[in-house]
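K.L.:
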């Protein structure tokens with residue numbers, strides 16, 4: 001039996017968790033319903049990383065931590081990512097996971113000199129003509145939810161940018177043939193985003209749904225299914 005593993009590397013705010021649950025639940029909500037079995041590996045609770053050969057795919061969640069802090073569990077996960085890169089098993093990183101993949105594969109992550117992104121952002125889909133499977137059915141421009149200080153500063157050698165905007169050139173990246181990362185949050189909905197910007201009224205007034213960005217998780221489900 002092979003599994004799609006969600007590697008949970010962070011927790012949301014306590015009050016948000018009480019109301020809306022946490023990163024793993026949000027990811028599950030937007031994954032396509034398939035026969036693939038899913039397991040949550042809670043890295044912060046010191047769950048053991050699974051045998052890579054037992055995996056059908058991996059998703060690394062977002063986190064409130066910073067990649068540059070190089071926490072022990074994060075450094076351990078970097079080594080694990082390198083091992084995954086030597087297979088054909090699909091891997092998707094979200095926000096922190098995206099930045100950690102870049103670092104693990106020879107790139108660099110750090111604070112975005114253009115400042116924090118939070119709320120709804122407009123993103124340009126560079127793969128519109130080439131039709132990368134992760135952005136299948138995405139238009140040339142799309143809205144997505146964001147909240148991050150750090151970003152991918154330098155890409156690994158084999159990486160290809162799939163989407164960008166004026167503040168961040170690495171909104172979506174294909175790092176290897178089997179590895180993707182997104183800086184935006186495909187697991188967020190309007191209520192979750194509201195929790196993250198509750199004290200920033202000028203952002204809340206423009207809040208709306210970003211349904212197309214949620215499609216990343218459905219598309220990744222399709223990628224995993226095709227790797228049977």
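Residue numbers (UniProt numbering): 1 to 228. In this text, a Cβ means the ideal position worked out from N, Cα and C, and glycines have one as well.
Taking Cβ positions, are residue 92 and residue 26 nearer each other than 8 Å?
P.N.:
Taking the first residue of the chain shown as position 1, residue 92 is located at position 92. Taking the first residue of the chain shown as position 1, residue 26 is located at position 26. No; because the gap between Cβ atoms is not below 8 Å, this pair is not in contact.
K.L.:
Just the C-alpha distance for residue 246 and residue 124, rounded to the nearest angstrom, thanks.
P.N.:
Any property of residue 246 remains undetermined from this structure, which presents the chain solely from 1 to 228.
K.L.:
Between which residues of its own chain and residue 231 is the CB-CB distance below 6 Å, once the five residues before and five after are set aside?
P.N.:
For the chain, the structure presents residues 1 to 228; residue 231 sits outside this window and is missing.
K.L.:
Locate the beta strand (DSSP E) running through residue 39, then write down its first and last residues.
P.N.:
The residue you call residue 39 lines up with position 39 of the chain shown. Where residue 39 is concerned, the enclosing beta strand (DSSP E) stretches over 37–42.
K.L.:
Looking at C-alpha atoms only, which residue of 183, 207, 188 and 176 is the closest neighbour of residue 90?
P.N.:
If you number the chain shown from 1, residue 90 lands on position 90. With distances taken between Cα atoms, residue 90 lies closest to 176.
K.L.:
Whose CA, out of 188, 158, 152 and 162, lies closest to the CA of residue 134?
P.N.:
Stepping through the chain shown from its first residue, residue 134 is reached at position 134. Comparing Cα-Cα distances from residue 134 to each of 188, 158, 152 and 162, the minimum goes to 162.
K.L.:
Determine the contact status of residue 97 and residue 157, defining contact as a CB-CB distance below 8 Å.
P.N.:
The residue labelled residue 97 in the question sits at position 97 within the chain shown. The residue labelled residue 157 in the question sits at position 157 within the chain shown. No, they are not a contact pair.
K.L.:
Assign residue 146 to buried or exposed, taking buried as 16 or more other Cβ atoms, counted over all protein chains shown, within 10 Å of its Cβ.
P.N.:
Locating residue 146 in the chain shown gives position 146, where the first residue counts as 1. It counts as buried.
K.L.:
Going by beta carbon distance, what residues of the same chain come within less than 7 Å of residue 210, once the five residues before and after it are set aside?
P.N.:
If you number the chain shown from 1, residue 210 lands on position 210. Result list for residue 210: 120, 143, 144 and 145, in chain order.
K.L.:
Does DSSP classify residue 109 as helix, strand or coil?
P.N.:
The residue given as residue 109 occupies position 109 in the chain shown. Strand at residue 109.
K.L.:
Can you tell me whether residue 76 is buried or exposed? The criterion is at least 16 other CB atoms within 10 Å of its CB, across all chains shown.
P.N.:
Reading the chain shown from its first residue, position 76 is the one you call residue 76. Burial call: exposed.
K.L.:
Does the beta-carbon distance from residue 242 to residue 13 come in below 8 Å?
P.N.:
Residue 242 falls outside the range modelled here, since the chain spans only 1 to 228, and no answer is possible.
K.L.:
If we ignore side chains and look at the alpha-carbon of each, how far apart do residue 141 and residue 129 end up?
P.N.:
Taking the chain shown and counting its residues from 1, one reaches residue 141 at position 141. Taking the chain shown and counting its residues from 1, one reaches residue 129 at position 129. Their Cα atoms are separated by approximately 12 Å.
K.L.:
By how many angstroms is the C-alpha of residue 64 removed from the C-alpha of residue 46?
P.N.:
Against the chain shown, residue 46 aligns to sequence position 46. Against the chain shown, residue 64 aligns to sequence position 64. Taking the straight line from one Cα to the other gives about 17 Å.
K.L.:
Given residue 186, which residues of its chain have a CB within under 6 Å of its CB, disregarding the five upstream and five downstream residues?
P.N.:
Reading the chain shown from its first residue, position 186 is the one you call residue 186. Around residue 186: 213, 214, 216 and 217.
K.L.:
Quick one: is residue 199 buried, meaning 16 or more other Cβ sit within 10 Å of its Cβ, or exposed?
P.N.:
Position 199 of the chain shown holds residue 199. With a pLDDT of 49 at residue 199, under the threshold of 50, the modelled position of this residue cannot be trusted; read the value that follows with caution. Label assigned to residue 199: exposed.
K.L.:
By DSSP's criteria, residue 173 is part of a beta bridge. Which residues make up the other side?
P.N.:
Residue 173 sits at position 173 when you count from the first residue of the chain shown. Residue 173 pairs with 161 and 181.
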